[in-house]
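Right, one structure below, let's go through it.
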Amino acid sequence: MESIKAPRGVRDILPEESWKWAFVLDVARRTAEDFGYAEVHLPVFEHTELFSRGIGETTDVVEKEMYTFQDRAERSLTLRPEATASMVRSYLEHGMHRGVQPVKLWCAGPMFRYERPQKGRYRQFWQLDVEAIGAADPFVDVEIIALSLELYRRLGLSNLEVKVNSVGCPECRPTYRKTLRSFLEPRLDELCDTCRSRFDRNPLRILDCKNPQCAAIADQAPSVVESLCGECGTHFGLLQRGLEGIGASFSLDKRLVRGLDYYTKTAYEVLSGDLGAQNAVCGGGRYDNLAEVIGGPHVPGVGFAAGIERIVLTMEQQGCFMGSAPRPAVFVVCPDEEARPEAFALLHLLRQSGVAADMDFTGKGMKAQLKVAAGKGALLACILGSEELRASRLAVKDLESGEQHLYAREEGVASIRSLLSNKGISRKDD
Ligand code: AMP
Numbered sequence: 092m093e094s095i096k097a098p099r100g101v102r103d104i105l106p107e108e109s110w111k112w113a114f115v116l117d118v119a120r121r122t123a124e125d126f127g128y129a130e131v132h133l134p135v136f137e138h139t140e141l142f143s144r145g146i147g148e149t150t151d152v153v154e155k156e157m158y159t160f161q162d163r164a165e166r167s168l169t170l171r172p173e174a175t176a177s178m179v180r181s182y183l184e185h186g187m188h189r190g191v192q193p194v195k196l197w198c199a200g201p202m203f204r205y206e207r208p209q210k211g212r213y214r215q216f217w218q219l220d221v222e223a224i225g226a227a228d229p230f231v232d233v234e235i236i237a238l239s240l241e242l243y244r245r246l247g248l249s250n251l252e253v254k255v256n257s258v259g260c261p262e263c264r265p266t267y268r269k270t271l272r273s274f275l276e277p278r279l280d281e282l283c284d285t286c287r288s289r290f291d292r293n294p295l296r297i298l299d300c301k302n303p304q305c306a307a308i309a310d311q312a313p314s315v316v317e318s319l320c321g322e323c324g325t326h327f328g329l330l331q332r333g334l335e336g337i338g339a340s341f342s343l344d345k346r347l348v349r350g351l352d353y354y355t356k357t358a359y360e361v362l363s364g365d366l367g368a369q370n371a372v373c374g375g376g377r378y379d380n381l382a383e384v385i386g387g388p389h390v391p392g393v394g395f396a397a398g399i400e401r402i403v404l405t406m407e408q409q410g411c412f413m414g415s416a417p418r419p420a421v422f423v424v425c426p427d428e429e430a431r432p433e434a435f436a437l438l439h440l441l442r443q444s445g446v447a448a449d450m451d452f453t454g455k456g457m458k459a460q461l462k463v464a465a466g467k468g469a470l471l472a473c474i475l476g477s478e479e480l481r482a483s484r485l486a487v488k489d490l491e492s493g494e495q496h497l498y499a500r501e502e503g504v505a506s507i508r509s510l511l512s513n514k515g516i517s518r519k520d521d
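Here the sequence shown is numbered in our numbering, starting from 92 and rising by one per residue.
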């Protein structure tokens, strides 16, 4: 029988890599907390309607990429393709709009999209999602962008490009849509099939088409910024002044759009120069009309989502510090079957006293156990066999220097801890 493999486009994050993820997520957690954002855990599936309304019926995500299924009671459910709609759903469902605003939340976890897999693009991928819900102030947009940039700074990422735009609001967007349509109409034949179908439904989406011919036309198109109403223009101006105030370098990109009515004002993206085609390490913006679209009151909001796989890839490419793989400080070596209960008890005592420790469970000989200890990167091997038992002693071998020490058994744990502290290793929970 053929062995079962993981589905196409999903990845196992194995021990060789998972510690790098832990590092990134840990820095993300601390950064979010430093900016006043609290963690939430949200479900990975929701009612399909939340996404079809919350992301928009005419988006690629909703039209082509959702993992939608019926549960046993024939409800249509969907594996979340992103977290913003769930965040706003949760915010409304738990009455957070009645408390102090804005409510600042973050979460991290897997998202699911049926896309063509390639480097940096998967069908299950992780996002860090950060949202500030309940404030219209442009400085919250600045804070959101600043948070993502501070995260990348703490992670040591370089060669990043920040692009910002404003997509206006339902007040001014119809004017822009008209201007854009009159520009595109004479060029309709030169656009790809998808863009031609977007012309009536959602012409703004033509601006971010990846097809080179459409892109060349989009580059010539009038900018949305010129059509902004007073309020959106002021908001965009303050956003840029806020970004300049924190010394962020950014460029305006008139082709950066979100293309749906409930996305308003700010849109931004951070691109990595080291990623190839899938080069966005995060994207975000404002969605002042989203809460209403999913059945709530009018609540402004702004946020971003960052792809963890792409952050890890970029960090590897740039040789950034990513912490280190966990390893045992001590490996308990027990060459004789009869000493196993005592050896295991020693292992347990070490662990209880906060020392990362491990041992062999496959009945290897002394030499092979020492080899495993070195292979796992242990600093000390603590040998407890029949001979040591009889003499009530413990032999401790420093695996870096090769030196060996003998201790009375009852002093074993204290001696090991002092050897480790000489090497700069303190208790894990100190
Ligand atoms: P989006 O929700 O499409 O704005 O995406 C936000 C971020 O999530 C992007 O900037 C990427 O870093 C990441 N991302 C989106 N789609 C994928 C995918 N299929 N695989 C890996 N990362 C992704």
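Just so it is clear, CB atoms sit at the ideal spot from N, CA and C, and this is done for glycine as well. Every value quoted in this text rests on a predicted model; they were computed, and no experiment measured them.
Count the other CB atoms, across all protein chains shown, that sit within 10 Å of the CB of residue i; report buried if there are 16 or more and exposed otherwise.
i: Arg-180; result: buried
i: Ala-101; result: Note that residue 101 corresponds to Val in the displayed sequence, not to Ala. Per the 10 Å Cβ criterion, exposed.
i: Arg-292; result: exposed
i: Phe-160; result: exposed
i: Lys-514; result: exposed
i: Gln-304; result: exposed
i: Phe-395; result: buried
i: Ser-143; result: buried
i: Glu-234; result: buried
i: His-326; result: buried
i: Pro-134; result: exposed
i: Ala-436; result: exposed
i: Lys-195; result: buried
With H, G and I counted as helix, E and B as strand and the rest as coil, what does DSSP make of residue i?
i: Pro-106; result: helix
i: Pro-277; result: helix
i: Met-202; result: strand
i: Phe-136; result: strand
i: Ile-516; result: coil
i: Asp-352; result: coil
i: Ala-447; result: coil
i: Gln-218; result: strand
Hey, how far is the Cα of residue i from the Cα of residue j?
i: Glu-433; j: Phe-412; result: 40 Å
i: Asp-352; j: Asn-380; result: 7 Å
i: Pro-208; j: Gly-398; result: 15 Å
i: Pro-98; j: Ala-368; result: 23 Å
i: Tyr-359; j: Ser-340; result: 13 Å
i: Trp-112; j: Val-403; result: 7 Å
i: Lys-488; j: Tyr-498; result: 11 Å
i: Leu-475; j: Ala-486; result: 7 Å
i: Arg-127; j: Leu-490; result: With the sequence shown as reference, residue 127 is identified as Gly, and Arg is not the correct amino acid for it. C-alpha separation (whole angstroms): 44 Å.
i: Val-153; j: Pro-388; result: 23 Å
i: Glu-165; j: Ser-177; result: 21 Å
i: Phe-422; j: Leu-510; result: 14 Å
i: Ile-337; j: Leu-240; result: 11 Å
i: Phe-230; j: Glu-130; result: 21 Å
i: Cys-473; j: Ala-448; result: 10 Å
i: Val-463; j: Ser-512; result: 23 Å
i: Arg-33; j: Pro-294; result: As shown, the chain starts at 92 and ends at 521. That puts residue 33 outside it, with no answer to give.
i: His-132; j: Pro-201; result: 11 Å
i: Asp-521; j: His-439; result: At Asp-521 the pLDDT is 48, less than 50, meaning the model places this residue with poor confidence and gives no usable figure here.
i: Leu-470; j: Ile-516; result: 10 Å
i: Thr-357; j: Leu-282; result: 27 Å
Can residue i be considered in contact with the ligand FAD, in the sense that its beta carbon sits closer than 7 Å to one or more heavy atoms?
i: Cys-411; result: Inclusion of the ligand FAD in the displayed structure is not the case, the ligand content consisting of the ligand AMP alone.
Among residues of its own chain, excluding the 5 on either side of residue i, which ones have a beta-carbon nearer than 6 Å to its beta-carbon?
i: Ala-227; result: Pro-391
i: Thr-169; result: Thr-139, Phe-142, Met-157, Thr-159
Once the 5 residues before and after residue i are set aside, which same chain residues still bring their CB inside 8 Å of it?
i: Gln-409; result: Gly-247, Leu-248, Ser-249, Asn-250, Asp-365
i: Leu-116; result: Ala-199, Leu-219, Ile-399
i: Gly-190; result: none
Give me, in chain order, the residues of the same chain whose beta-carbon lies closer than 7 Å to that of residue i; leave out the 5 immediate sequence neighbours on both sides.
i: Arg-212; result: Glu-206, Gln-369
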